[in-house]
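So the protein lines, in turn, are chains B and Z. The first sequence finishes on residue 527 if you use the UniProt record's numbering, and the numbering steps up by one all the way, no holes. The second sequence finishes on residue 207 if you use the UniProt record's numbering, and the numbering steps up by one all the way, no holes.
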Amino acid sequence: MEKSASFQINPQNSARATTSVDLTNHLSARGLFHSDADAGTSASIKTKSNPESATATISGSVGADADLNIDLQSLITSELNSIYPATVNQSTSNKSANTSRFIGERTGKDKHFFIFTSAGKLVFSQWENESHAMGLTGIIHTVMNYFNINDNTSMKQFSMYDGDGIMTRFVFADKNHIKLMVQCSNNYESTAQLQQQLDLVYSYIISSVSQRNLNKLMMKRSNFDLQHYLTDLDQQLLQSLCDSLATQQKLTWFANSLECLPMTPKKRNAINTVLSSQYLDFNISNRNGQILYTLVTSLDMRLISILRPSNHTLHTIDLQILFELVQLQLTDLLLDKVLWFPICFPKFNDNGFLYALIKVLPNRTIIMVISSQKNAFETLNEFVGRIGDKLMEDVNSNNLEFPLLDWHKMFPCINHFVYKMKRTVQIYTPFQPTNEMLQYYNHLKNLCEDDQGRTLNKSSIAMLKWKNDTSPGQLSGLYWTTEKFELYILLNDINISNQSILRSAKRLIQHMREVESYLFISRGVTF
Amino acid sequence: MLQFKLVLLGDSSVGKSSIVHRFVKDSFDEYRESTIGAAFLSQTIKLSEQYDEQVLKFEIWDTAGQERYKSLAPMYYRNANAALVVYDVTEPGSLPKAKLWVDELKEKVSDDKLIICLVGNKLDLAAEKESSSLVDESEAREFAKDNNLLFHQVSAKTGENVIKVFEEIGEILYLQNKDKIQESKKPAGSNVSLQRPSTNDSQSCCV
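See the structure below:
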């Protein structure tokens with residue numbers, strides 16, 4: 001879909017205090033940076049110091065921060081022109097013609113991930129054709145070195161425009177021994193989000209190899225061939241990870257959080273009790289320290305219960321990676337297999353491996369036990385066996401989920417929403433948003449953040465109305481962030497006044513707080 | 001019930017998981033993910049009349065073939081009663097890897113009763129390929145003979161010979177343990193142990 005043609009400002013609202021943004025500048029591929037020329041006239045963000053009382057309206061320009069970099073960006077773009085004219089302009093030389101044709105061939109997808117070692121050896125490329133990818137790796141590597149793009153410099157990305165004015169961004173990450181780049185021609189994702197995605201991809205590699213091993217391999221020989229050290233499974237997983245980041249991003253990645261299965265507190269407590277009593281039993285029989293974390297999730301990876309040491313929490317990215325691995329092995333797990341594998345949690349401790357036991361329990365939930373000991377399988381298998389038996393005995397396992405069915409009746413104008421509780425880094429959404437919805441949410445969020453992902457104000461509200469000329473679809477959206485929560489709402493109506501949108505949002509937040517104990521795991525069981 | 005531990009070893013993508021899958025679920029999945037780390041599962045079989053229709057339970061460790069997980073392998077074969085060392089008959093490079101596994105087992109496992117079975121998988125594909133690109137069957141057979149291994153060629157895809165491998169291992173395990181089984185079958189309740197005093201509880205009133 002050609003977004004630039006299909007969206008417009010809703011003119012009658014542009015004069016009001018709340019936001020309406022010229023979408024041709026922001027959702028279209030015609031460049032975020034151009035919009036700065038007329039920033040402030042078409043875009044304004046309403047920020048409030050106190051979310052409960054609507055007060056001052058501050059106009060802010062979207063992408064103001066990007067403005068400062070504009071000179072640098074254009075400088076680099078022109079520098080690049082002179083070094084590699086072919087990547088921007090058509091050229092007659094053979095090699096460069098290949099390169100530009102290859103980029104052109106792939107316009108169906110707007111994102112490509114690249115991973116290579118610091119020595120410039122290809123580790124992974126989302127593009128199938130390895131020989132092309134190797135050539136491009138050489139170019140990227142040279143560009144990164146020439147402009148000295150690394151983690152210590154503020155320069156993390158540059159963008160260029162093709163003949164049609166379509167902007168492509170190149171976002172880099174320079175990690176220990178590994179460099180990553182994503183080429184992205186959509187512009188609804190901020191640089192910060194793209195960097196977060198690169199971090200996820202990098203973390204995945206570390207989860208499989210561990211930083212200590214990687215250091216060892218690379219110190220011994222800096223031109224070590226990491227690509228062939230990674231297993232086929234690693235390659236498959238990287239591929240599926242990058243593909244879904246490019247084509248169908250998960251809400252949990254977008255919101256950088258985890259999702260819980262909504263349950264009645266009574267049921268959740270019953271499961272918590274089973275976990276803690278079994279854990280205590282085990283510790284008494286002199287097996288202390290074998291169990292670090294125990295997680296119970298639904299088959300679709302929504303958290304049901306956590307058992308953890310009181311002084312440790314698990315980082316969201318670590319769990320996202322674990323869930324990703326488990327999901328890919330789900331068919332095997334459903335055949336009553338018990339998985340036992342080493343995994344490095346990069347944010348927990350990137351130097352060592354932990355061991356994970358994964359099993360589907362008789363009540364169709366997944367149990368994951370993380371241990372620091374590689375010989376603990378038999379003990380842990382006994383532990384999960386007992387938990388499984390006890391759960392079947394004690395907890396009515398039918399309908400663990402307690403869906404919030406009445407929200408649609410309570411909020412008839414709300415189409416979809418995502419509520420994130422910042423303290424627990426957990427989200428609730430009544431159903432998974434489509435790709436398009438995520439784009440709208442991205443758009444809303446970007447209004448309240450600079451390109452580095454920092455919120456412009458502690459609490460801000462952004463409202464937008466999208467009008468689609470080609471189809472009858474009309475949407476309003478709201479994003480509200482405070483220190484405590486983030487709320488994303490889409491409303492299937494463009495004629496609702498901003499006041500009533502705000503009222504609905506307030507009522508929804510109120511409602512979410514009332515049912516908080518159903519939707520989120522507050523602490524989990526600690527020991 | 002008699003329980004035995006069985007471990008599958010071999011190079012990556014020779015079809016270890018598919019063999020287990022055929023044995024446990026009697027089905028075949030053309031596109032399956034590589035195994036991560038190792039997978040544990042169990043399956044019972046009933047032996048034929050000749051072996052007293054004995055029911056055995058196999059606890060199976062299906063290990064990942066990738067080199068990187070190699071250091072974890074001892075954990076799986078340490079207490080094993082049987083090992084299937086699998087190679088791919090259409091992949092000549094996989095037989096030397098299988099031989100290395102056999103050497104390692106011989107060296108590291110002290111239990112001389114450990115049953116090792118060399119298994120050539122993907123027999124169904126062998127028919128389509130030129131014999132020069134296949135693993136030399138006689139070489140594998142000879143290696144098995146020299147090292148006192150069982151030897152089978154199977155196809156997890158068609159199911160050919162798969163169950164047979166497990167049955168044969170089950171039968172040998174049964175014979176190895178027959179005496180113990182007979183012992184345990186003797187009715188225990190009718191014997192009164194004379195050594196044991198009728199009351200040995202120091203807190204009981206009889207003291």
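Where is the CB? At the ideal position from N, CA and C, for every residue including glycine.
Residue i versus chain Z: which residues are under 7 Å apart at the beta carbon?
i: B:D332; result: A39
i: B:L325; result: I36
Around the C-beta of residue i, are 16 or more other C-beta atoms found within 10 angstroms, so that it is buried, or is it exposed?
i: Z:K25; result: exposed
i: B:N176; result: exposed
i: B:N351; result: exposed
i: Z:H21; result: buried
i: B:Y204; result: buried
i: B:C242; result: buried
i: B:N272; result: buried
i: B:G40; result: Caution is warranted here: a pLDDT of 33 is assigned to B:G40, below 50, making its placement in the model unreliable, and the coordinate value is therefore given only provisionally. It is exposed - the Cβ of B:G40 has fewer than 16 other Cβ atoms within 10 Å.
i: B:E486; result: buried
i: B:K409; result: exposed
i: B:N396; result: exposed
i: B:I509; result: buried
i: B:N311; result: exposed
What's the gap between the Cα of residue i and the Cα of residue j?
i: B:N399; j: B:S517; result: 17 Å
i: B:Y355; j: Z:S131; result: 43 Å
i: Z:F166; j: Z:A98; result: 18 Å
i: B:K347; j: B:R454; result: 21 Å
i: B:K250; j: B:S190; result: 16 Å
i: Z:M1; j: Z:K122; result: 33 Å
i: B:S207; j: B:D164; result: 41 Å
i: B:A462; j: B:C448; result: 7 Å
i: B:E436; j: B:Q126; result: 23 Å
i: Z:F58; j: B:P362; result: 20 Å
i: Z:S17; j: Z:E160; result: 15 Å
i: B:L502; j: B:K445; result: 16 Å
i: B:C260; j: B:I358; result: 18 Å
i: B:Q227; j: B:N349; result: 23 Å
i: B:Y440; j: B:V418; result: 12 Å
i: B:F377; j: B:P433; result: 38 Å
i: B:K46; j: B:S460; result: Residue placement at B:K46 is flagged as unreliable, the pLDDT there being 42, under the threshold of 50; the coordinate-derived value follows with that caveat. Those two C-alpha atoms are separated by around 6 Å.
i: B:V443; j: B:G135; result: Per the sequence presented here, residue 443 of chain B reads as His, with Val not at that position. Rounded to the nearest angstrom, the two C-alpha atoms are 34 Å apart.
i: Z:S155; j: Z:I60; result: 19 Å
i: B:P412; j: Z:S34; result: 47 Å
i: B:D234; j: B:F116; result: 15 Å
Quick one: which chain Z residues come within Cβ less than 9 Å of residue i?
i: B:Q236; result: E33, S34
i: B:T424; result: Simply none; closest approach about 29 Å.
i: B:Q329; result: E33, T35, I36, A39
Between which two residues does the alpha helix (DSSP H) carrying residue i extend?
i: Z:N121; result: Note, Z:N121: premise wrong, no alpha helix (DSSP H); beta strand (DSSP E) at 115-121.
i: B:I509; result: 498-514
i: B:C260; result: B:C260 -> no alpha helix (DSSP H), and no H or E assigned at all.
i: B:H315; result: No alpha helix (DSSP H) holds B:H315; DSSP gives it neither H nor E.
i: B:N213; result: 211-220
i: Z:A144; result: 137-146
i: B:S240; result: 232-247
i: B:K347; result: 346-349
Go to residue i, then tell me how far its beta strand (DSSP E) extends in each direction, as first and last residue.
i: B:T434; result: From DSSP, B:T434 is part of no beta strand (DSSP E); its letter is neither H nor E.
i: residue 528 of chain B; result: Examination of residue 528 of chain B is not possible in this model, given that chain B is present from 1 through 527 alone.
i: B:M141; result: Per the sequence shown, residue 141 of chain B should be read as His rather than Met. Element bounds for B:H141: not the beta strand (DSSP E) but the alpha helix (DSSP H), 130-146.
i: B:T379; result: Note, B:T379: premise wrong, no beta strand (DSSP E); alpha helix (DSSP H) at 377-394.
i: B:L475; result: 474-481
i: Z:E67; result: Careful: Z:E67 lies outside any beta strand (DSSP E) and carries neither H nor E.
List the residues of chain B whose Cβ lies closer than 9 Å to the Cβ of residue i, in chain order.
i: Z:S18; result: Under the 9 Å cutoff, chain B gives no residues; its nearest Cβ is about 11 Å from Z:S18.
i: Z:L84; result: Ordered by position in chain B, no residue passes the 9 Å Cβ test against Z:L84, which lies about 16 Å from the chain.
Going along chain B in order, which residues have a C-beta closer than 8 Å to the C-beta of residue i?
i: Z:M75; result: K374, N375, F377
i: Z:Q66; result: T231, D232, L233
i: Z:S12; result: T231, D232
Using a cut-off of 8 Å between C-beta atoms, extract the partners of residue i located in chain Z.
i: B:V338; result: A39, F40, L41
i: B:P342; result: G37, Y69, L72
Would you list the one or two residues that DSSP bridges to residue i?
i: B:T340; result: Just to set this straight, residue 340 of chain B is Trp in the shown sequence, not Thr. Answer is B:L357, Z:A38.
i: Z:V86; result: Z:G10, Z:V119
i: B:F114; result: B:S125, B:M181
i: B:T168; result: B:M160
i: Z:L2; result: Z:L56
List, in order along the chain, the chain B residues whose C-beta lies closer than 7 Å to that of residue i?
i: Z:R141; result: Here the premise fails: no neighbours, minimum Cβ distance about 30 Å.
i: Z:K25; result: L335
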